[in-house]
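Worksheet: one structure, shown below.
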Amino acid sequence: MPWRRQPAHSAELLAHWQALGQALGRDTPTWRAEGRRLLRSWARWPRAYHDTTHLRACLRHLQAVQDHQPGALHNPHAVALALWYHDAIYWPWSGQNEARSADWAREFLLNQGLPTTLAEAVHQHVMDTRHTPGPLTGDALWVVDIDLAILGQSDAVYRQFERNVRREYFFVRWPRYVAGRSAVLQGFLERPHIYGTGYFAQRYEAQARANLQQALRALGEGRLYT
């Protein structure tokens, strides 16, 4: 089935997409249809965490950054578009989600006659959400930190996140899941800094490390952190 339910927060998200189109001078029927297409994709099975609730959270973090640190972003429109597209395609068993999502974004933006520099910036931002170790600069730091904000949320919110990730990886047998998930969590803990911006580091770094340690400990005991 293409999607299981009406995407959560549809009205709020479509209003954001329309406003983004207006800011770019592209609020056309084609632009609005793309917003609906994106929401349908974000609501596809078997998403449990990487869904429209995550998209909404990312966009709200973006708004908070703009409210608290005006001018911090070099190109807020590119960041917003990257957040819209960064998990537009998401199949847990695929290693090409970011690449396919990035290509989708670039193709659509170029077809809308938007600048190549914008389309390429969005493409790169989406690719940066693969979260591979390496230096990031500028707006890429904000995109990645926003995507990782979930790691530093309250204990209850983080526990639900771990449950939802497991739901998405339902097809992976438990021993293999424990090994794979533990490697991911350990990889973040071993980084000198989880967040690249002072804004997110001050707010979420300590809590993120506590959450990751608790989740890793639970996996080591053969259970999910729930």
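Offset between the sequence shown (1-based) and the working numbering: plus 37.
Here a beta-carbon is modelled for each residue, glycine too, at the ideal position from N, C-alpha and C.
These numbers were taken from a predicted model, which means no experiment stands behind them.
Under the three-state DSSP convention, the category residue i falls into
i	result
Thr234	coil
Leu185	coil
Ala255	helix
Gln190	coil
Arg41	Note on Arg41: pLDDT 48, under 50, position unreliable in the model; no value is reported.
Asn112	coil
Phe198	helix
Glu227	coil
Arg81	coil
Leu173	coil
Tyr241	helix
Ser131	coil
Leu261	coil
Ala216	helix
Val209	coil
Arg69	helix
Tyr122	helix
Arg63	coil
Run of the alpha helix (DSSP H) containing residue i, from where it starts to where it stops
i	result
His53	47-60
Val102	89-105
Val163	153-165
Trp141	134-148
Own chain residues within Cβ distance below 7 Å of residue i, not counting five before or after
i	result
Gln223	Leu253
Asn112	Ala158, Asp176
Glu199	Ala252, Leu261, Tyr262, Thr263
Arg218	Leu256
Ile183	Cys95, His98, Leu99, Leu120
Asp165	Leu173, Ala177, Val180, Val181
Leu50	Leu76, Thr89, Leu92, Arg93
Contact check, residue i vs residue j, beta carbons under 7 Å
i	j	result
Asp124	His168	no
Val116	Trp179	yes
Arg196	Tyr127	no
Asp64	Gly72	no
Ala186	Val163	no
Arg137	His160	no
Ser47	Leu76	yes
Ala85	Asn201	yes
Whole-number beta carbon distance between residue j and residue i, since they are thought to touch under 8 Å
i	j	result
Glu205	Pro83	6 Å
Gly189	Gln106	Gly189 to Gln106, Cβ: 17 Å. No contact.
Leu110	Gln103	7 Å
Contact set for residue i: own chain, Cβ-Cβ below 8 Å, skip 5 residues either direction
i	result
Leu147	Thr153, Ala156
Tyr214	Arg203, Tyr206
His114	Leu57, Ala60, Leu61, Leu155
Other residues of its chain near residue i: CB distance less than 6 Å, five sequence neighbours each side excluded
i	result
Arg41	Caution applies to Arg41, whose pLDDT of 48 falls short of 50 and renders its modelled position unreliable; the value that the coordinates give is listed next. Cβ within range, chain order: Trp82.
Thr90	Ala45
Ala70	none
Pro129	Glu205, Tyr206
Tyr122	Ser138, Ala142, Val163
Closer than 6 Å: residue i CB and nearest the ligand PLP heavy atom
i	result
Ala238	Among the ligands in the structure shown, none appear at all, so the ligand PLP cannot be discussed.
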